[in-house]
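Colleague: Before I ask anything, let me first share the structure, which is written out below as structure tokens.
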Amino acid sequence: MKKSQITDYALMVILSFLMAFTYQIFIFENQFAPAGIEGLCTMIQYKFGISVGFLNLAVNVPLCIAAFIFLDKGFAAKSTVFTFAFSGALLLFKYRVIDVTDFVYKTANGTSTVLAPVAAGALCGLIFGVVLKHGGSTGGVDIISEFVRIKRPEVTLSWLSFIMKLSIACISYFVYDFNLEPVLLCIIYAFISSQIAENMLRGVRKQVEVEIVTPHSEAISKEIIEKLRHSATLIPAKGMYSGKDMGMLICIIHKHQIIKLQEIVEKYPDSFAFVSNVSDTIGNFKAIRR
Numbered sequence: 026m027k028k029s030q031i032t033d034y035a036l037m038v039i040l041s042f043l044m045a046f047t048y049q050i051f052i053f054e055n056q057f058a059p060a061g062i063e064g065l066c067t068m069i070q071y072k073f074g075i076s077v078g079f080l081n082l083a084v085n086v087p088l089c090i091a092a093f094i095f096l097d098k099g100f101a102a103k104s105t106v107f108t109f110a111f112s113g114a115l116l117l118f119k120y121r122v123i124d125v126t127d128f129v130y131k132t133a134n135g136t137s138t139v140l141a142p143v144a145a146g147a148l149c150g151l152i153f154g155v156v157l158k159h160g161g162s163t164g165g166v167d168i169i170s171e172f173v174r175i176k177r178p179e180v181t182l183s184w185l186s187f188i189m190k191l192s193i194a195c196i197s198y199f200v201y202d203f204n205l206e207p208v209l210l211c212i213i214y215a216f217i218s219s220q221i222a223e224n225m226l227r228g229v230r231k232q233v234e235v236e237i238v239t240p241h242s243e244a245i246s247k248e249i250i251e252k253l254r255h256s257a258t259l260i261p262a263k264g265m266y267s268g269k270d271m272g273m274l275i276c277i278i279h280k281h282q283i284i285k286l287q288e289i290v291e292k293y294p295d296s297f298a299f300v301s302n303v304s305d306t307i308g309n310f311k312a313i314r315r
């Protein structure tokens with residue numbers, strides 16, 4: 026295993042503990058649900074006392090297994106590490122193996138109710154952005170989104186995120202004793218976490234044009250097709266300094282795939298690539314079917 030991979034997995038563990046800590050001190054005690062699958066788990070914990078740690082595993086283990094089968098193995102592995110570490114940390118906090126009760130922010134003490142979702146949203150948004158930028162996910166909707174991208178890579182997933190957040194906010198009204206405040210707190214949390222995560226990922230969301238100059242055009246294009254599910258156009262080229270025949274591959278990919286493309290190109294000597302932003306795509310920009 027490469028040093029960079031070990032660093033990424035260690036980062037997943039650290040961030041998962043930070044997210045669990047955020048849930049424990051800001052969310053659970055102040056009775057509101059965050060967005061996503063974790064929001065559903067939080068409401069079930071509130072109503073039935075089943076720990077989010079167990080519920081998160083029940084939901085995400087099948088998703089992680091499916092991710093190993095159908096998605097990128099690195100993405101699946103990092104998502105699995107985050108899922109298990111997050112659930113484990115929540116259970117350690119719940120059963121006070123690690124006691125964090127002194128840090129809990131309780132609005133019942135007269136402190137500002139709004140500060141809990143603001144703080145939780147800011148921290149979790151930061152965590153979401155860092156995890157995604159390092160090729161992993163926090164599980165749940167993030168993994169589901171990757172499955173959607175296989176079938177419809179040209180579709181933005183903001184609609185899926187919006188529907189999920191709206192559903193959690195509406196359901197929380199009934200779960201938290203027909204109280205409007207948890208709905209508002211959920212909306213505040215969702216807005217802040219989304220804004221921070223999107224700002225971090227703004228540079229890796231849209232499409233980009235990649236031009237790769239290489240003597241290994243067949244091998245690289247094969248990996249692009251198999252791993253990124255996009256094709257490339259080959260233009261014959263010639264290195265003016267070396268006098269060697271080269272090829273220039275042109276392909277359009279999503280910015281979140283740049284890291285994977287970089288890993289592909291770095292395996293082939295005498296190859297380099299440059300990237301340009303694409304404002305829009307016209308025509309057929311779809312995944313290649315298996």
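Numbering (this note's numbering), first residue to last: 26 to 315. Ideal Cβ placement from N, Cα and C applies to all residues, glycine included.
Grab me the residues of ALA147's own chain with a C-beta within less than 7 Å of its C-beta, minus the 5 sequence neighbours each way, in chain order.
Modeller: ILE217, ILE221
Colleague: Can you tell me whether DSSP reads LEU96 as helix, strand or coil?
Modeller: LEU96: coil per DSSP, three-state reduction.
Colleague: Please report the straight-line C-alpha distance between MET273 and LYS252, rounded to a whole angstrom.
Modeller: One alpha carbon belongs to MET273, the other to LYS252, and they sit about 19 Å apart.
Colleague: I'd like the list of long-range same chain contacts for ASP295, defined as Cβ closer than 6 Å, with 5 residues on each side in sequence excluded.
Modeller: These residues qualify, in order along the chain: PRO240.
Colleague: For GLU63, is the classification buried or exposed, using 16 other Cβ atoms within 10 angstroms of its Cβ as the cut-off for buried?
Modeller: buried
Colleague: Pull the bridge partners of GLN220 from the DSSP assignment, please.
Modeller: None; GLN220 has no bridge partner.
Colleague: Which of the three DSSP states, helix, strand or coil, is assigned to THR258?
Modeller: strand
Colleague: If I'm right that PHE100 touches GLY161 with Cβ under 8 Å, what's the distance once you round it to whole angstroms?
Modeller: 6 Å
Colleague: Can you name, in chain order, every residue of its own chain whose Cβ lies under 8 Å from the Cβ of VAL211, other than the five neighbours on each side?
Modeller: For the sequence presented, residue 211 should be read as Cys rather than Val. Excluding positions up to five away in sequence, the list reads PHE57, ALA58, PRO59, ALA60, GLY64, PRO142, LYS190, ILE193, ALA194, SER197.
Colleague: Which whole-angstrom value describes the C-beta separation of VAL238 and MET271, a residue pair presumed to lie in contact below a C-beta threshold of 8 Å?
Modeller: 6 Å
Colleague: With a threshold of 8 Å, are at least 3 pairs of Cβ atoms found where one atom belongs to the segment 46-57 and the other to the segment 113-130?
Modeller: Yes, since at least three Cβ pairs between the segment 46-57 and the segment 113-130 fall closer than 8 Å, the two stretches touch.
Colleague: What three-state label does DSSP hand SER170 in the structure shown?
Modeller: Three-state result, SER170: helix.
Colleague: Restricting to Cα atoms, I'd like to know which of PHE73, ILE168, VAL300 is closest to PHE107.
Modeller: ILE168
Colleague: Comparing alpha-carbon positions, which option in ALA244, VAL166, THR67 lies nearest PRO87?
Modeller: Measuring from the Cα of PRO87, the nearest candidate turns out to be VAL166.
Colleague: Could you tell me the alpha carbon to alpha carbon distance between LEU43 and GLU243, rounded to whole angstroms?
Modeller: Put simply, the backbone Cα of LEU43 is about 44 Å away from that of GLU243.
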